[in-house]
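Have a look at the structure below before the remarks.
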Amino acid sequence: MSNLQDCKEMKARTWQRAEAAMLEIIGKIQQSITSEEERKSVIDYVQRLLEGYFACKVFVFGSVPLKTYLPDGDIDLTVFGGTISQEEHFADNVVRILKSQHRDEGSTPEFPVEDVQYIDAEVKLVKCLVNKVVVDISFNQVGGLSTVCFLEKVDRLIGRDNLFKKSIILVKAWCYYESRILGSHYGLLSTYALETMVLQKFLDYYSKFNWEKYGVSLFGPVCVSSLPELVDDSAEEPLLSQQFLHECVEALSVPSTALSATPLAFTPKHLNIVDPLKESNNLGRSISKGNSVRIRSAFSLGALKLEKVLSQPTESIFHELGAFFGRTLDRLGEMEENSKPGNQSPHSHNEAKNFSIGTTDLRGDYESLLNNLQFGQCCYRYVIAPPVSAQSQIRSANVLVPGDAFCLIGSLITSKPRGTGAFIPSNDHSQAWEARIRQNEEKEKGSETSQGNYIGRGPESCSKHHRSTCPAPRMRDKWVPAKTYNLEDEDEFPSLSTLK
1 MSNLQDCKEM KARTWQRAEA AMLEIIGKIQ QSITSEEERK SVIDYVQRLL EGYFACKVFV
61 FGSVPLKTYL PDGDIDLTVF GGTISQEEHF ADNVVRILKS QHRDEGSTPE FPVEDVQYID
121 AEVKLVKCLV NKVVVDISFN QVGGLSTVCF LEKVDRLIGR DNLFKKSIIL VKAWCYYESR
181 ILGSHYGLLS TYALETMVLQ KFLDYYSKFN WEKYGVSLFG PVCVSSLPEL VDDSAEEPLL
241 SQQFLHECVE ALSVPSTALS ATPLAFTPKH LNIVDPLKES NNLGRSISKG NSVRIRSAFS
301 LGALKLEKVL SQPTESIFHE LGAFFGRTLD RLGEMEENSK PGNQSPHSHN EAKNFSIGTT
361 DLRGDYESLL NNLQFGQCCY RYVIAPPVSA QSQIRSANVL VPGDAFCLIG SLITSKPRGT
421 GAFIPSNDHS QAWEARIRQN EEKEKGSETS QGNYIGRGPE SCSKHHRSTC PAPRMRDKWV
481 PAKTYNLEDE DEFPSLSTLK
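Here full-length UniProt numbering is used: the first residue of the sequence shown is 1, the next is one more, and so on.
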């Protein structure tokens, strides 16, 4: 009996030592006050830049507002404005605006903008480096806002000092730095897929998972043959109750598309992971067959290594776990060294300095995230709405009008300040629009359409049919351009500093 008691006490001491080691590693990985402020500055800059040119709203989603990003993590932004059919044209003009920032000779941009590129994929994406931080800009992606709200809500439900988020940070670091299996753009795991998997036992569970027969869902394992119906074969109680998930789907899911009469079917792939907020969405769809084998092998090897680490004597646990996350700690050390004066590489991220000093609270602003989602849901219903009749589609012959979502955006933007010294663009674009219309009529008289010009629609540009839905111009912060800019000439874009 005494031996059994000693064994239990030894195991408890081992787990306490392991937990202390894990918390120290998490503390080194998670964001600091400095890195968070720097990312907020980049986000604010891009928001002011795009909202200053277009009648649009820009929101952040993903790991930054969730506070689970890695030192090498990017910033995900989504722009609400225009319609789905016009996203490509909108993206082209966003690219031109971003590229113009480092070419304007009249002023110095607030942040350097480099490596701007447009990725024409299923989800239109503009990628760039702003102040050496990778920024991904998508369009009308209300699903991203839903996801971050859901994960924040789950973290609050689980509690225990943000245990869920700390697990995400630790597992993301292992997947990204140690096993190189994270990154949907490389045919590997997406971050959201990984976060869904974290809700169950991770390495040990998935190393033994029968991927040929089953898929992963928050209700437990489901037979691939039964998808998209969630037939649970597990006798274990899931972490999240059916009622909780149902409430999340009701409140946070993306509005159903008016363009699709029938719901989409779940498409089985090599790894099947059911989106908690949309059962027809396979979060493992980007994973190729070869990479699925690689991911499974990484899970198995990781489980074996971790089991071996935890079987070591208590005094060795700290060192062994450090070795288990060896590449992660090496990368953090490299970034810290590069951030020292005189050692900065042109490719080193600015946020690397002091990344592990003064770590911030992991609790996110759920109320603000929910407000962003509700705004996005409202806009999305307009974006996916069927086209209006030909009679109400009559527009200025020389201007491409992005659609009625802009009128909606104008009516939803409030005058509440976003913080001390923040720039809030005016909703009154009418004078700029009138100048643009006159300029285009003079330059392209007789042409039926203008393919190169894309700008947010102000109140005066609305058709008579929809003018009643547009807001009255705000007098505060009213901006009247000193000159008219030709959006077809990239060199004529003003930098953000000229809008202040």
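Beta carbons are placed, not taken as given, at the ideal position from N, Cα and C, and that holds for glycine.
Give the DSSP bridge partners of residue i, in chain order.
i    : result
Q117 : K127
D275 : K278
Using DSSP with H/G/I as helix, E/B as strand and the rest coil, what is residue i?
i    : result
F111 : coil
Y214 : strand
V222 : strand
L182 : strand
E122 : coil
I287 : coil
D330 : helix
G376 : helix
A265 : coil
H246 : helix
H319 : helix
L252 : helix
G421 : Only weak support is given to the placement of G421: the predicted model assigns it a pLDDT of 40, under 50, and the value that follows is read from those uncertain coordinates. Three-state DSSP puts G421 in coil, outside helix and strand.
F325 : coil
L370 : helix
V209 : Here residue 209 turns out to be Phe, not Val, going by the sequence shown. Three-state result, F209: coil.
S339 : coil
L306 : helix
L301 : helix
T14  : helix
R381 : helix
R294 : helix
A390 : Residue confidence is low: A390 scores 44 on pLDDT, short of 50, so the model does not pin down where it sits. No coordinate-derived value is stated.
Which residues bound the beta strand (DSSP E) around residue i?
i    : result
E279 : 278-282
I75  : 75-80
In terms of residues, what are the limits of the alpha helix (DSSP H) holding residue i?
i    : result
S138 : First-last for S138: 133-139, but that is the beta strand (DSSP E), not the alpha helix (DSSP H).
E198 : Reading off the sequence, residue 198 comes out as Val, not Glu. From DSSP, the alpha helix (DSSP H) with V198 extends over 191-198.
Q312 : Premise fails: Q312 is in no alpha helix (DSSP H) and is neither H nor E.
V153 : The displayed chain sequence assigns Lys, not Val, to residue 153. Taken as a continuous stretch (DSSP letters only), the alpha helix (DSSP H) holding K153 covers 142-158.
L240 : No alpha helix (DSSP H) contains L240, which DSSP labels as neither H nor E.
F164 : 163-173
Cα-Cα, which of the options is closest to residue i?
i    : options                : result
R17  : G364, Q312, P109       : Q312
R13  : T34, R160, F318, G322  : F318
Y118 : D74, V135, V64, I26    : V135
I137 : Y366, L151, A121       : A121
S184 : L277, D365, W211, V123 : V123
G284 : G290, V274, K278       : V274
G290 : C175, E320, S280, H270 : H270
C44  : L125, V60, N371, Q31   : The residue you asked about is not Cys; residue 44 is Asp in the sequence shown. Nearest of L125, V60, N371, Q31 to D44, Cα basis: V60.
F266 : Q242, A323, S217, L240 : S217
S179 : E337, Q86, S300, D361  : S300
R96  : E114, E110, V58, G81   : E114
S146 : V133, F209, Y192       : Y192
Y186 : I295, T328, R39, K305  : I295
I158 : I33, Y69, V198         : V198
S292 : Q47, K165, S190, E334  : S190
C128 : K153, F150, V154, S100 : S100
Does residue i get closer than 8 angstroms to chain B when you measure Cβ to Cβ?
i    : result
F111 : The structure shown has no chain B; it contains just one protein chain.
Note down, one range per segment and in chain order, each alpha helix (DSSP H) of at least 4 residues found wholly within the stretch 22-104. Annotation note: the stretch 22-104 contains the following uninterrupted alpha helix (DSSP H) runs of length 4 or greater, listed N- to C-terminal: 33-53, 63-66, 87-100.
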